[in-house]
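A.B. asks: Residue 673 in full-length UniProt numbering sits at position 673 of the sequence shown; the count goes up by one each step and never skips. The beta carbon of each residue, even a glycine, is placed where N, CA and C say it ideally should be.
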Amino acid sequence: VHAHLISARKRFQIDLIAETAEPRETMHFALLLGCGANAVNPYLVYALLEEKVKSRELPLDFRAAEANYIDAVSKGLLKILSKMGIATMRSYRAGCLFEALGVSESVVEKYFPGVVSRIGGIGLEEIAEEALAPHREAYAAVPAADGADAVPALENPGFYRFRRGGEAHAWAPASAGALRLAARKNDPAKYAEFAKSVNEKAEKIFLRDFLDFRRGNAIPLERVEPAEAIMRRFVSGAMSFGSISKEAHETIAVAMNLIGGRSNSGEGGEDPARFAPREDGTSARSAIKQVASGRFGVTAEYLVNADEIQIKIAQGAKPGEGGQLPGFKVDEVIARTRHAMPGITLISPPPHHDVYSIEDLAELIFDLKNVNPRANVTVKLVSESGVGAVAAGVAKARADGITISGAEGGTGAAPLSSVKWAGLPLELGLAEAQQTLVRNRLRGKVVLQADGQLKTGRDVVISALLGAEEFGFSTALLIILGCVQCRSCHLNTCPVGIATQNPALRERFSGKAEHIVSYFRFVAEEVRGILAEMGFEKLDDIVGRADLLSRVPAEDGTKAARLDFSRLLHFEAGTRPEARRKSVAQEHGLAGALDEKLLSAARDGNGAGTFEIRNTDRAVGAMLSGEIARAHGNAGLPEDSLRFVFRGSAGQSFGAFLARGISFRLEGDANDYLGKGLSGGKIAVVPAADARADFLPEKNVIAGNTLLYGATGGEVFIRGQVGERFCVRNSGASAVVEGVGDHACEYMTGGRVVVLGETGRNFAAGMSGGIAYVYDTRGDFDYFCNMDSVELTLLETPEDEREVRSLLEKHVAATGSLLARRILGAWETERSRFLRVLPTEYAALLARRPA
Numbered sequence: 001v002h003a004h005l006i007s008a009r010k011r012f013q014i015d016l017i018a019e020t021a022e023p024r025e026t027m028h029f030a031l032l033l034g035c036g037a038n039a040v041n042p043y044l045v046y047a048l049l050e051e052k053v054k055s056r057e058l059p060l061d062f063r064a065a066e067a068n069y070i071d072a073v074s075k076g077l078l079k080i081l082s083k084m085g086i087a088t089m090r091s092y093r094a095g096c097l098f099e100a101l102g103v104s105e106s107v108v109e110k111y112f113p114g115v116v117s118r119i120g121g122i123g124l125e126e127i128a129e130e131a132l133a134p135h136r137e138a139y140a141a142v143p144a145a146d147g148a149d150a151v152p153a154l155e156n157p158g159f160y161r162f163r164r165g166g167e168a169h170a171w172a173p174a175s176a177g178a179l180r181l182a183a184r185k186n187d188p189a190k191y192a193e194f195a196k197s198v199n200e201k202a203e204k205i206f207l208r209d210f211l212d213f214r215r216g217n218a219i220p221l222e223r224v225e226p227a228e229a230i231m232r233r234f235v236s237g238a239m240s241f242g243s244i245s246k247e248a249h250e251t252i253a254v255a256m257n258l259i260g261g262r263s264n265s266g267e268g269g270e271d272p273a274r275f276a277p278r279e280d281g282t283s284a285r286s287a288i289k290q291v292a293s294g295r296f297g298v299t300a301e302y303l304v305n306a307d308e309i310q311i312k313i314a315q316g317a318k319p320g321e322g323g324q325l326p327g328f329k330v331d332e333v334i335a336r337t338r339h340a341m342p343g344i345t346l347i348s349p350p351p352h353h354d355v356y357s358i359e360d361l362a363e364l365i366f367d368l369k370n371v372n373p374r375a376n377v378t379v380k381l382v383s384e385s386g387v388g389a390v391a392a393g394v395a396k397a398r399a400d401g402i403t404i405s406g407a408e409g410g411t412g413a414a415p416l417s418s419v420k421w422a423g424l425p426l427e428l429g430l431a432e433a434q435q436t437l438v439r440n441r442l443r444g445k446v447v448l449q450a451d452g453q454l455k456t457g458r459d460v461v462i463s464a465l466l467g468a469e470e471f472g473f474s475t476a477l478l479i480i481l482g483c484v485q486c487r488s489c490h491l492n493t494c495p496v497g498i499a500t501q502n503p504a505l506r507e508r509f510s511g512k513a514e515h516i517v518s519y520f521r522f523v524a525e526e527v528r529g530i531l532a533e534m535g536f537e538k539l540d541d542i543v544g545r546a547d548l549l550s551r552v553p554a555e556d557g558t559k560a561a562r563l564d565f566s567r568l569l570h571f572e573a574g575t576r577p578e579a580r581r582k583s584v585a586q587e588h589g590l591a592g593a594l595d596e597k598l599l600s601a602a603r604d605g606n607g608a609g610t611f612e613i614r615n616t617d618r619a620v621g622a623m624l625s626g627e628i629a630r631a632h633g634n635a636g637l638p639e640d641s642l643r644f645v646f647r648g649s650a651g652q653s654f655g656a657f658l659a660r661g662i663s664f665r666l667e668g669d670a671n672d673y674l675g676k677g678l679s680g681g682k683i684a685v686v687p688a689a690d691a692r693a694d695f696l697p698e699k700n701v702i703a704g705n706t707l708l709y710g711a712t713g714g715e716v717f718i719r720g721q722v723g724e725r726f727c728v729r730n731s732g733a734s735a736v737v738e739g740v741g742d743h744a745c746e747y748m749t750g751g752r753v754v755v756l757g758e759t760g761r762n763f764a765a766g767m768s769g770g771i772a773y774v775y776d777t778r779g780d781f782d783y784f785c786n787m788d789s790v791e792l793t794l795l796e797t798p799e800d801e802r803e804v805r806s807l808l809e810k811h812v813a814a815t816g817s818l819l820a821r822r823i824l825g826a827w828e829t830e831r832s833r834f835l836r837v838l839p840t841e842y843a844a845l846l847a848r849r850p851a
């Protein structure tokens, strides 16, 4: 109706209300509204609520139960809007921001114009049958004992958790048990049993289940590259220390290092104690250090202790969402690792606030490469329609590798609406990325990695044929370590000591690195067997050879028979092998950086210097900080060991990841991202010496947006105003500034901020730690502050006054600020203009702490 009214140019003359018994979950409403409904009446839900109220199953009256349900659905819809980057329901309605999976193109074109359907699928006849089947089942007569017809029992279909007789799940108890036993007993026969249950499952679940590889002239197994060479391509998925326990996290890292693969730290940082080998010669160091939107624990020391730095743009299990670690999982060790306070909820923003374009991503890659030139910098993307174009942009941004994360990969802490309704199969994204990169002659510059519930050697080979050179495993490793899939990862109640920080539960952890090593050897040997069967000696020989894949025949009349895999299996004939896989190194343009002069001055023992700077000088200080962190760790150098003055206009990321012991003074102005990831250094920014006599610094912008993003320590003093998102996700730096734009102190978890001027809107949104002090001369700051998570008070204690005065005195000493000097000179009257911004959660924790 919606599509027809649009074609008839009548849609704006009428509202459409969907009155239906079917919708019950949040996504059902999102689909109806997104496809054109103005409102939805789920009348069966209301009838059920009324019945449960009457039977006293719900201890509420009907109006309260109805209001609670509507509120829950509304909040879920807001979450979906947020994931899509949409602010209002009016903008979301009828946008049809979906991709069809398994629906024929003829249906999509007629009823859902604009929606993408890449593998075809069922038509109207099958859709009608699917709709009528539950109705027939619900009204089927069931003879009762007295001869009357009884209402059939409503069974749990097992949509979200395995139920015997319910919907098929990729990880059923039998297959999980077989894998765990095979790994723990190092039993090849048991692994073969597990692999058969996955590779030849009766009910197909993944797209790869519909594919098979073409056999060629088989070769002897001895001619195939060894298992060790194949295992070096394996990586563990990004699971943060905090989401899983210390024991689980370190066991995975040790196992990956034993096989020559790479473990991924996840976004929670890493304990520096793990950077050095253990006494027994093993290493718990994660070779891949992840940089996510929260920037938790991302210091110069963290980055230089990486072989690969992965920028997580999205996660396959929940694209568009940031992470959240509840306060009850943040113990002393996790808080120290993430540079936060124990008990504080830690929230990652949905986007990277320094990445709003491919050019911004190129800047972040450049920043990280400056800190650690020895590491590869890769980017993690989610499988979705259009990921090929994004992958091409990432390759042009000079990333060394790209990970395609499929929806099959899961997290027990993901919202239920994301578990079923977000992301797309790995195979679609992987094939699109490979095809686009090959077509644009970019594939040879990047490594392509597949991440999406890989389990067996067959999964690895099919992923390689679609374009992958490296392969990520996550859930399988947790299963081996003892995971029983109780889906309580976010509750801190994991009964096997994996996804918990509870000391008593962690004692139950029984996993060993050797178990994971055994599993990977089984997978590698299975890969070798398939390669021999296909007639190839090396995995490299089949990367991107989609022409060696074919679809498994399906019975006529089945839904599977309607699927079309031609786009998925498209192969550019005539492409050279080196054009289908990584063959050349990216050029990162690090030569000739201003940091080379800083390093020279530092090595000469001078430790000081004055330099002209231009806006093309980017990430100044990052390379120097990386070398200091590599030699001295997070402790850096003694205070003010290196002192540099810059005159001019600094480029992006000035002072990024600046290490302790380095002091920068900028006389001029700065672009965006100043002090990004500040790691203990000091930065002062003042107007140029030749500024006009009537120039008022406190009334003019002197630095750009997103300053001190993810800072973990250090001090910044800015004589002038700055742009938006000042101190976003600050974890421990102290800063004084004379005016800020919108969203300042957003998601801040630590540190101190003093604002001596006007603020933009939405100040302190999501702030859960640290303290901000705002000089409120107009008396209207409460209008600009987001009060959802903070409280405002005056400077109530002598400690507050001493802290503010101390920071102002440092500000005067560093910048010569006349504004700060005037406030200090009239302190007895001016102190009453300061408001303290204190997160309520942080205040409650401070109140419980012993004096």
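Using beta-carbon positions only, say whether residue 845 and residue 343 come within less than 8 Å of one another.
C.D. replies: yes
A.B. asks: For residue 290 and residue 365, I'd like the C-alpha separation in whole angstroms.
C.D. replies: 12 Å
A.B. asks: From residue 541 to residue 576, what distance separates their C-alpha atoms?
C.D. replies: 11 Å
A.B. asks: Work out the CA separation of residue 132 and residue 139 for me, nearest whole Å.
C.D. replies: 11 Å
A.B. asks: Determine the burial state of residue 536: buried for a count of at least 16 other Cβ atoms within 10 Å of its Cβ, exposed for fewer.
C.D. replies: buried
A.B. asks: Based on the DSSP secondary-structure assignment, which residues constitute the bridge partners of residue 839?
C.D. replies: 790
A.B. asks: Using a threshold of 8 Å, state whether the C-beta atoms of residue 292 and residue 318 are closer than that.
C.D. replies: Not a contact, by the Cβ cut-off of 8 Å.
A.B. asks: So, with DSSP's three-state summary, where would you put residue 709?
C.D. replies: coil
A.B. asks: Under 7 Å Cβ to Cβ from residue 52, same chain only, skipping five residues before and after it: list those, please.
C.D. replies: Spatial neighbours of residue 52 in its own chain (CB-CB distance under 7 Å, excluding positions within 5 residues in sequence) are listed in chain order as 58.
A.B. asks: Under 8 Å, do residue 433 and residue 388 count as touching if we go by C-beta distance?
C.D. replies: yes
A.B. asks: Count the C-beta pairs between the region 75-91 and the region 37-53 that are closer than 8 Å, then say yes if the count reaches three, no if not.
C.D. replies: no
A.B. asks: Short of 6 Å in beta carbon distance, which residues of its chain neighbour residue 234, apart from the five on each side in sequence? Order them along the chain.
C.D. replies: 261, 471 and 520
A.B. asks: Note the first and the last residue of the continuous alpha helix (DSSP H) segment covering residue 19.
C.D. replies: Residue 19 -> not in any alpha helix (DSSP H); beta strand (DSSP E) instead, spanning 17-19.
A.B. asks: To which residues of the same chain is residue 82 closer than 7 Å at the C-beta, ignoring the five residues directly before and after it?
C.D. replies: Same-chain partners within the cutoff: 350.
A.B. asks: For the putative contact between residue 80 and residue 417, defined by C-beta atoms under 8 Å, what is the C-beta separation to the nearest angstrom?
C.D. replies: So it is a contact: roughly 7 Å between Cβ atoms.
A.B. asks: Taking the alpha helix (DSSP H) that residue 5 belongs to, which residues open and close that run?
C.D. replies: 2-7
A.B. asks: Where does the unbroken alpha helix (DSSP H) through residue 191 begin, and where does it stop?
C.D. replies: Boundaries of the alpha helix (DSSP H) around residue 191: 188-199.
A.B. asks: Spatial neighbours of residue 207 within its chain, please: CB distance less than 6 Å, with the 5 preceding and 5 following residues excluded, ordered by chain position.
C.D. replies: Take residue 207, set aside five residues on each side of it, and the residues of its chain with a beta-carbon closer than 6 Å to its own are 425 and 427, in chain order.
A.B. asks: Look up residue 266 in the DSSP assignment and say whether it is helix, strand or coil.
C.D. replies: For residue 266, the secondary structure class from DSSP, reduced to helix, strand or coil, is helix.
A.B. asks: Please classify residue 286: does DSSP put it in a helix, a strand, or coil?
C.D. replies: coil
A.B. asks: What did DSSP end up calling residue 79 once you bin it into helix, strand or coil?
C.D. replies: helix
A.B. asks: Which residue wins for smallest C-alpha separation from residue 379, given the options 420, 314, 333 and 804?
C.D. replies: For residue 379, the closest C-alpha among the options 420, 314, 333 and 804 is that of 314.
A.B. asks: In this structure, does DSSP put residue 742 in helix, strand or coil?
C.D. replies: Residue 742 falls in the coil class under three-state DSSP.
A.B. asks: Take residue 874 as the anchor and find which of 238, 273, 579 and 272 has the nearest alpha-carbon.
C.D. replies: Because the chain spans 1 through 851 in this model, residue 874 falls outside it and cannot be assessed.
A.B. asks: Can you list, in chain order, the residues of its chain whose CB lies under 8 Å from that of residue 173, leaving out five sequence neighbours each side?
C.D. replies: Excluding positions up to five away in sequence, the list reads 162.
A.B. asks: Between the beta-carbon of residue 737 and the beta-carbon of residue 726, is there less than 8 Å?
C.D. replies: yes
A.B. asks: Using only CA atoms, which one of 244, 265 and 236 lies nearest to residue 259?
C.D. replies: 236
A.B. asks: Counting C-beta neighbours from all protein chains within 10 Å, is the total for residue 627 16 or more, i.e. buried, or is it exposed?
C.D. replies: buried
A.B. asks: Pull the bridge partners of residue 649 from the DSSP assignment, please.
C.D. replies: 669
A.B. asks: Based on Cα-Cα distance, which residue from 197, 153 and 226 lies nearest to residue 169?
C.D. replies: 197
A.B. asks: According to DSSP, is residue 257 part of a helix, a strand, or is it coil?
C.D. replies: helix
A.B. asks: Using a Cβ-Cβ cutoff of less than 6 Å, which residues in the same chain neighbour residue 368 once the five nearest sequence positions on both sides are dropped?
C.D. replies: Answer for residue 368: 309 and 377, listed in chain order.
A.B. asks: If we ignore side chains and look at the alpha-carbon of each, how far apart do residue 28 and residue 341 end up?
C.D. replies: 39 Å
A.B. asks: Assuming residue 18 contacts residue 5 (C-beta within less than 8 Å), just tell me the rounded distance between them.
C.D. replies: That belief does not hold up - the Cβ atoms of residue 18 and residue 5 are roughly 14 Å apart, past 8 Å.
A.B. asks: Alpha carbon to alpha carbon, how far is residue 597 from residue 612?
C.D. replies: 11 Å
A.B. asks: Taking only the alpha-carbon atoms, compute the straight-line gap between residue 495 and residue 522 and give it to the nearest angstrom.
C.D. replies: 28 Å
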